[in-house]
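Colleague: Can you read through this structure? Questions will come right after.
Protein chains: 2
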Amino acid sequence: KMAPGIGGFGGLYPFGDSYLVAGTDGVGTKLKLAFEMNKHDTIGIDLVAMSVNDIVTSGAQPLFFLDYFATSHLDVDQAEQVIAGIVEGCRQSECALLGGETAEMPDFYSPGEYDLSGFAVGSVAKAALIDGSRIAAGDVLLGLPSSGVHSNGFSLVRRVLQVAGASLSDPLPGAEPACTIGQALLEPTKIYVKQVLGYLARVPIKGIAHITGGGFTDNIPRVLPASLAAQVDMAAWQAPPIFTWLQQAGGISDAEMRRTFNLGIGMVLVVDAAAAADLLASSSAAEPVVRLGEVVPGEGVLYAPW
Amino acid sequence: KMAPGIGGFGGLYPFGDSYLVAGTDGVGTKLKLAFEMNKHDTIGIDLVAMSVNDIVTSGAQPLFFLDYFATSHLDVDQAEQVIAGIVEGCRQSECALLGGETAEMPDFYSPGEYDLSGFAVGSVAKAALIDGSRIAAGDVLLGLPSSGVHSNGFSLVRRVLQVAGASLSDPLPGAEPACTIGQALLEPTKIYVKQVLGYLARVPIKGIAHITGGGFTDNIPRVLPASLAAQVDMAAWQAPPIFTWLQQAGGISDAEMRRTFNLGIGMVLVVDAAAAADLLASSSAAEPVVRLGEVVPGEGVLYAPW
């Protein structure tokens with residue numbers, strides 16, 4: 382019995398009047414930066430974020446989270462820092478840390494290194510499921526700012542660091558307040574759960590895209606019905622300095638940037654004009670909402686100006 | 382918000398009239414044997430087994446499973462074999478493969494190697510939860526045979542192979558039908574879900590222990606109330622040849638064998654005398670049930686003869 386073939390960012394399982402929504406993810410090669418900077422207390426936030434940001438796209442409230450932590454030889458201090466980040470991620474997403482597995486696997490990982498995977502389950506009333514099916518031309522695309530690169534695209538990030546001969550302790554040009562490239566890159570992934578569930582309590586949301594690997598280009602179309610496209614005004618917001626630096630230092634094309642990174646917007650909501658007006662009116666410095674563009678007939682993502 | 386502090390093998394989350402029960406595990410260093418034997422189509426059964434055998438101990442029916450597969454560079458043929466095993470494990474436990482994550486993590490894993498973790502979620506009516514609380518002196522311990530070493534103790538297994546200078550392709554002494562040491566060790570973990578749920582439909586079961594790392598010694602006490610011990614008659618069944626070989630080749634004490642391996646019994650049920658009589662009467666060659674001993678006043682596991 383294979384998965385029910387429902388698209389979207391989390392797997393759906395019917396349970397009474399609800400769907401259980403499950404997501405799993407790791408943090409990829411962002412871990413290598415944590416190793417190099419010997420900073421292990423926020424990577425657990427990234428781990429929780431990747432899964433709970435996926436399941437909230439269905440309108441689901443995260444219920445619980447489990448982690449898998451694998452290393453060659455357990456370093457208790459290091460593991461405690463990692464778990465502290467996971468606990469913080471669960472706190473931010475108001476879900477229970479229900480369990481986990483710590484695996485010592487000799488000869489699997491390099492000394493001091495580890496891998497992580499996470500698993501979140503949420504629930505949403507069947508009638509409240511967000512699946513993009515009611516999206517229509519003229520709907521508005523709203524963006525919620527990211528905290529940085531989040532947890533995708535780090536293989537490209539590492540190539541840029543190498544090609545540019547840059548050090549993680551170099552200052553990041555244009556950063557305000559000042560920070561190093563390493564600090565900007567390791568900034569933990571923003572968890573959108575409370576913000577999105579708060580909006581859902583106020584207005585209907587037709588579709589939500591979590592901007593992970595693949596950027597806008599791959600992720601927005603996952604929530605759009607056939608024959609509809611996302612028209613995105615690239616002048617609607619400014620990409621944070623880390624993306625400017627990555628593009629310049631790596632000589633990366635606009636198209637590759639757009640299909641790899643979130644470019645400063647980590648979650649995209651699709652709403653009707655009335656809901657858009659409500660949410661844009663509530664935009665604040667603490668929780669900004671950006672009008673990115675709108676849904677138009679077509680296919681994929683249309684970036685303007687071209 | 383931390384996990385509800387309920388013991389047992391799976392984490393419990395109250396949901397309406399049910400508990401959701403979640404478990405996560407990997408397959409540990411059994412993977413190294415799969416790599417050495419270049420056989421990847423059954424390790425996925427082990428992966429599913431470790432999690433679903435945990436959650437069925439609460440009386441929960443597994444609903445769905447997700448996997449995390451991490452490797453340095455994706456080998457599609459190898460990954461397909463691994464996934465085929467996961468699909469088979471889900472079939473055996475009648476749960477949906479709801480999703481998964483395939484992570485390419487350059488510089489994390491040796492060429493040709495990978496790590497796996499799995500997550501299973503089940504549900505049980507609150508009134509039907511098995512938590513060991515009603516276990517009393519005089520209750521009977523029943524054992525369900527394992528298919529071999531299952532997926533724990535492989536760090537010790539690998540040390541024995543090294544110390545003994547044994548090859549995975551050596552014949553296993555006493556094996557019937559004949560097989561190699563490698564084949565016996567890689568035999569996939571038995572999935573007890575259908576068998577245990579079938580028993581539960583017929584008789585009350587007071588406690589269930591999944592015999593993983595720690596053997597009887599650590600796992601049976603996890604389901605016993607305070608001041609009760611498990612008295613186990615070691616003559617009640619015969620450990621399969623792989624355990625005899627491991628003990629002799631490695632010069633391992635009885636005590637270490639008992640707190641490391643399942644010794645031929647992968648699941649232990651605690652039932653009253655009437656239920657024991659019913660289940661023992663149903664014992665067949667295909668689904669044997671072994672009377673291991675009984676619950677007595679005391680603490681831990683008492684092995685007889687000593």
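Protein sequences appear in the order of chains A and B. Using this note's numbering, you'd call the opening residue of the first sequence number 382 and step up by one each time. Using this note's numbering, you'd call the opening residue of the second sequence number 382 and step up by one each time. In this text, a Cβ means the ideal position worked out from N, Cα and C, and glycines have one as well. All values reported here derive from a predicted model rather than from experimental measurement.
(1) With DSSP run on the structure shown, which of helix, strand or coil describes A:Arg-672?
(2) How big is the Cα-Cα spacing for B:Leu-478 and B:Tyr-449?
(3) Check each residue of the stretch 456–475 of chain A: if its Cβ is closer than 8 Å to any Cβ of chain B, include it; give the result in chain order.
(4) Rounded to whole angstroms, what is the Cα-Cα separation between B:Leu-581 and B:Gly-440?
(5) At a CB-CB cut-off below 7 Å, which residues of chain B make contact with A:Thr-410?
(6) Tell me whether A:Gln-576 sits in a helix, a strand or coil according to DSSP, three-state version.
(7) In the DSSP output, which residue or residues are listed as bridge partners for B:Ala-441?
(8) Could you tell me the boundaries of the beta strand (DSSP E) in which B:Thr-405 lies?
(9) How many angstroms separate the CA atom of A:Leu-689 from the CA atom of A:Leu-412?
(10) Just checking: is the beta-carbon of B:Leu-549 within a distance shorter than 9 Å of some beta-carbon in chain A?
(11) Comparing the CB of A:Arg-472 with every heavy atom of the ligand SAM, is any distance shorter than 8 Å?
(12) Beta-carbon of A:Gly-513 versus every beta-carbon of chain B: anything under 9 Å?
(13) Which residues does DSSP pair with A:Gln-628 in a beta bridge?
(14) Taking DSSP as the reference, what is the three-state secondary structure of A:Ile-646?
(15) Give the secondary structure of A:Gln-619 by DSSP, where H, G and I count as helix, E and B as strand, and everything else as coil.
(16) What is the residue span of the alpha helix (DSSP H) that B:Glu-417 lies within?
(17) Ordered along the chain, which non-local residues of its own chain (more than five positions away) have a Cβ less than 8 Å from that of B:Pro-585?
(18) Per DSSP, what kind of secondary structure is B:Ile-589 in: helix, strand or coil?
(19) Could you tell me how far apart the beta carbons of B:Val-530 and B:Leu-566 are, in whole angstroms, since I believe they sit closer than 8 Å?
(20) Name the residue from A:Ala-610, A:Met-418 and A:Asp-406 whose alpha carbon lies nearest to the alpha carbon of A:Ser-432.
(21) With distance defined between alpha-carbon atoms, name the residue in A:Phe-446, A:Ala-617 and A:Gly-519 nearest to A:Pro-669.
(22) Can you tell me which of A:Ala-517, A:Cys-560 and A:Gly-513 puts its alpha carbon nearest to the alpha carbon of A:Gly-588?
(23) Does any residue of chain A have a CB that is nearer than 9 Å to the CB of B:Ser-439?
(24) Can you check DSSP and say which residues form a bridge with B:Tyr-490?
(25) So who's on the other strand from A:Val-604, going by DSSP bridges?
(26) Could you give the first and the last residue of the continuous beta strand (DSSP E) run that contains B:Asp-496?
(27) Here's the rule: buried if 16 or more other CB atoms are within 10 angstroms of the residue's CB, otherwise exposed. What is B:Ala-451?
(28) Report yes if the CB atom of B:Ile-476 is closer than 9 Å to the CB atom of B:Leu-444, and no otherwise.
(29) Leaving out the 5 sequence neighbours to the left and right, which residues in its chain are closer than 7 Å to A:Gly-386 when beta-carbon positions are compared?
(30) Tell me whether B:Val-544 sits in a helix, a strand or coil according to DSSP, three-state version.
(31) Taking CB distances under 9 Å as the criterion, tell me whether B:Lys-382 reaches chain A.
(32) Tell me the rounded alpha-carbon separation between A:Ser-491 and B:Phe-489.
(33) Taking only the alpha-carbon atoms, compute the straight-line gap between B:Leu-401 and A:Leu-401 and give it to the nearest angstrom.
(34) Please name the residue in A:Gly-519, A:Val-468, A:Ser-453 and A:Arg-515 whose C-alpha comes closest to that of A:Pro-487.
(35) Mind pulling the chain B residues with CB within less than 7 Å of A:Tyr-394?
(36) Quick one, which of B:Gly-595, B:Leu-609 and B:Arg-672 has its alpha-carbon nearest B:Gln-352's?
Modeller: So, from the data block:
(1) strand
(2) 12 Å
(3) Val-468, Cys-471, Arg-472 and Glu-475
(4) 8 Å
(5) Met-486 and Pro-487
(6) helix
(7) For B:Ala-441, which the question treats as bridged, DSSP gives no partner whatsoever.
(8) 399–407
(9) In this structure chain A extends from 382 to 687, so residue 689 of chain A is not present and cannot be described.
(10) no
(11) Looking at this structure, you won't find the ligand SAM or any other ligand, since it has none at all.
(12) no
(13) Partner(s): none; A:Gln-628 has no beta bridge.
(14) strand
(15) coil
(16) 411–418
(17) Val-652, Asp-653 and Ala-656
(18) strand
(19) 6 Å
(20) A:Asp-406
(21) A:Ala-617
(22) A:Gly-513
(23) no
(24) Beta-bridge pairing links B:Tyr-490 to no other residue.
(25) Note: A:Val-604 sits in no beta bridge, so no partner.
(26) 495–506
(27) buried
(28) Per the sequence presented here, residue 476 of chain B reads as Cys, with Ile not at that position. Taking 9 Å as the Cβ cut-off, B:Cys-476 and B:Leu-444 qualify as a contacting pair.
(29) In this prediction, A:Gly-386 has a pLDDT of 38, which is less than 50 and means its spatial position is unreliable; what the coordinates show is noted afterwards. Answer for A:Gly-386: no residue qualifies.
(30) helix
(31) A caution first: B:Lys-382 carries a pLDDT of 32, below 50, which makes its placement in the model unreliable, though a value can still be read off. It does; some Cβ of chain A falls within 9 Å.
(32) 8 Å
(33) 10 Å
(34) A:Ser-453
(35) Leu-444, Phe-445, Ala-477 and Leu-479
(36) Outside the modelled stretch of chain B, which goes from 382 to 687, sits residue 352 of chain B, for which no answer is possible.
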